[in-house]
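Report on the structure given below.
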């Protein structure tokens, strides 16, 4: 093995790829959540648009 390979520092780089689900809600959540009822929060929201996009940090590292 050449000397420059033996003396080179070793580095392990880790990252993750993820598939993010982005849901567009065209309003403010605060208009639908009562501050006095947050201890029993149970909500559902209808969305108009949903898309999937790649996320995670591995793509940026590569």
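Numbering (the numbering used here), first residue to last: 4 to 65.
Positions of the beta carbon are idealized from the N, C-alpha and C atoms, including for glycine.
Nothing here was measured: the structure is a model prediction, and the numbers come from that model.
- In this structure, the beta-carbon distance from residue 27 to residue 52 falls below 8 Å.
- Note that the C-beta distance between residue 50 and residue 16 is not below 8 Å.
- 8 Å or more divides the Cβ of residue 61 from the Cβ of residue 22.
- Taking the Cα of residue 58 as reference, the smallest distance to any Cα among 14, 31, 34 and 25 is reached at 25.
- Residue pairing by DSSP places residue 24 opposite 55 in a beta bridge.
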